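Q: I am attaching a structure below and will ask some questions about it afterwards.
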Amino acid sequence: MVVVNRTGDRVASIREELKDVEIIYKPLAEMLTCTSVYCFNKHVIGNSIICSYVNDLENVRVYNVDGLKEVVAANKEDRLRKAMEAQAINTEESKEFEAWWDSLETVPTIKKLRAYAERIRVAELKKCLSKKSDDMSKKTRRAVDDLSRCIVNKLLHGRMQHLRCDGSDSRTLSETLENMQALNRMFRLETEVAVLEQKIRAQQR
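Sequential numbering from 1099 applies to the sequence shown in our numbering.
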């Protein structure tokens, strides 16, 4: 048996498999130069040397050059489409993140409003207990303290709801900003809102 190949690396493994067969190795370059006729011509190139039924084999595909060009073009178009979809998702996620980040600007107002209410509660409770210190037991004092906390929490709950948003809707975020400004004016909480105002206007353009 004569084996023609570019290199002789595979010949040893073939000889190992076919021990009873005499294997003669011939370099491809040597065989090409010693032939008396052309190895390739337009007739050979023009005809397919692979049968179409090879496509029936599992995980095997046969393409000609024109077919490969079509495959490359289709793959390129598919990658471009997926890239555009990814860009759209990235843009949407970026907007949602920026809106959520902007919504965090209301957190200082919520904290300051709670602190403001707590200062008033503690001050008024102290006045009340100082006047009634001799007539009230520790249990009663604790009950009054709990009652005052409950009243403050219930009063603030509705106001706090108007300062909370996830930033997913620019209209809701704009309304939250207006509510925050109103609370700052009414209670003089002095929360900085100029940066958030600028971002909201930019979103509405």
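Each residue gets a CB set at the ideal place from its N, CA and C atoms; glycine is no exception.
None of the values given here were measured: they were computed from a predicted structure.
#1: How long is the line joining the alpha carbons of L1195 and Q1185, rounded to whole angstroms?
#2: Alpha carbon to alpha carbon, how far is I1122 from V1101?
#3: Quick check: what's the CA-CA separation for V1220 versus L1271?
#4: Just to confirm, are A1261 and N1277 a CB contact at a threshold of 7 Å?
#5: Using 7 Å as the threshold, is the C-beta distance between K1210 and L1287 below it?
#6: Please name the residue or residues paired with V1250 in a DSSP beta bridge.
#7: On the three-state DSSP scale, how would you describe K1193?
#8: Could you pull the start and end residues of the alpha helix (DSSP H) that I1208 belongs to?
#9: Would you report the Cα separation of T1289 and I1208, rounded to the nearest angstrom?
#10: Which value, in whole angstroms, describes the spacing of the CA atoms of A1181 and A1172?
#11: First and last residue of the beta strand (DSSP E) that includes V1101?
#12: Hey, could you find the ends of the beta strand (DSSP E) I1122 is sitting in?
#13: For a test of the three-state rule: what should DSSP assign to L1271, helix, strand or coil?
#14: Given this structure, state the Cα-to-Cα distance separating K1236 from V1242, to the nearest angstrom.
#15: Please list, in chain order, all residues of the same chain as Y1214 whose beta carbon is under 7 Å from its beta carbon, the five residues on each side excluded.
A: To lay it out plainly:
#1: Note on identity: in this sequence residue 1195 is Phe, with Leu being the wrong assignment. Taking C-alpha positions only, F1195 is separated from Q1185 by approximately 15 Å.
#2: Distance between the alpha carbons of I1122 and V1101 is about 6 Å.
#3: The alpha-carbon atoms of V1220 and L1271 are separated by roughly 33 Å.
#4: As written in the sequence, residue 1261 is Leu, which differs from the Ala given in the question. In this structure, N1277 lies closer than 7 Å to L1261 by Cβ.
#5: Yes; because the gap between Cβ atoms is below 7 Å, this pair is in contact.
#6: Beta-bridge pairing links V1250 to no other residue.
#7: K1193: helix per DSSP, three-state reduction.
#8: Judged by DSSP secondary structure, I1208 falls within the alpha helix (DSSP H) whose first and last residues are V1205 to K1229.
#9: Legend: pLDDT at T1289 = 46, less than 50; position of this residue unreliable, value from coordinates given subsequently. When the Cα atoms are used, T1289 and I1208 turn out to be separated by approximately 10 Å.
#10: So the alpha carbons of these two residues sit roughly 14 Å apart.
#11: Note, V1101: beta strand (DSSP E), V1100 to N1103.
#12: Per DSSP, I1122 belongs to the beta strand (DSSP E) from I1122 to P1125.
#13: In this structure, L1271 counts as helix in the three-state DSSP scheme.
#14: So the alpha carbons of these two residues sit roughly 10 Å apart.
#15: Same-chain partners within the cutoff: F1285 and L1287.
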